[in-house]
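*Asks:* Structure in structure tokens, see below.
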Amino acid sequence: MEPDVSLLMLTFMRSIMVLYYITVLAASILLIVGISKRDHTKMILFMILMAVGVIIEFLQITLGNWLTILLIVLLALIRLYFVICIYSLYDKIKKEKQGQVKV
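Numbering-wise, the sequence shown is residues 1 to 103 according to the working numbering.
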């Protein structure tokens, strides 16, 4: 019996997404540690993963109906807002480390 290609592809994509979300969890922990210790280098992985998430969500727009598209766009905008906020904090902490800004 030949395996169903679409089922294999779906399983592969789910495995990739599980791996992505485990990495996001680790990056979130690093983000919390980086913010609490004022270490901007620990924040970079989270920003990169959020940007990748925005790109993935925009690629998923082709997969659904109008309600799914609306939800995907909303989630992508929320992620984009997170990236902007975290980058702002990253920049502030980086400038603090360089002695340009005092808290």
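Virtual Cβ for every residue (Gly too), placed ideally from N, Cα, C.
1) Closer than 7 Å by C-beta to glutamine 60: which residues in its own chain qualify, once you throw out the five before and the five after it? Chain order, please.
2) For glutamine 98, which three-state DSSP category applies?
3) Taking only three categories from DSSP, how would you classify aspartate 91?
4) If you follow the alpha helix (DSSP H) that leucine 19 is in, where does it begin and where does it stop?
5) Could you tell me whether the Cβ atoms of phenylalanine 12 and alanine 27 are closer together than 7 Å?
*Replies:* Considering the structure as presented:
1) Within the sequence shown, residue 60 is the residue found at index 60, counting from 1. Ile72, listed in sequence order.
2) Within the sequence shown, residue 98 is the residue found at index 98, counting from 1. The answer is coil: DSSP assigns glutamine 98 none of H, G, I, E or B.
3) As a working note, residue 91 is residue 91 in the sequence shown. The answer is helix: DSSP assigns aspartate 91 an H, G or I state.
4) Indexing the sequence shown from 1 puts residue 19 at position 19. Start and end: 5-36.
5) Locating residue 12 in the sequence shown gives position 12, where the first residue counts as 1. Locating residue 27 in the sequence shown gives position 27, where the first residue counts as 1. No.
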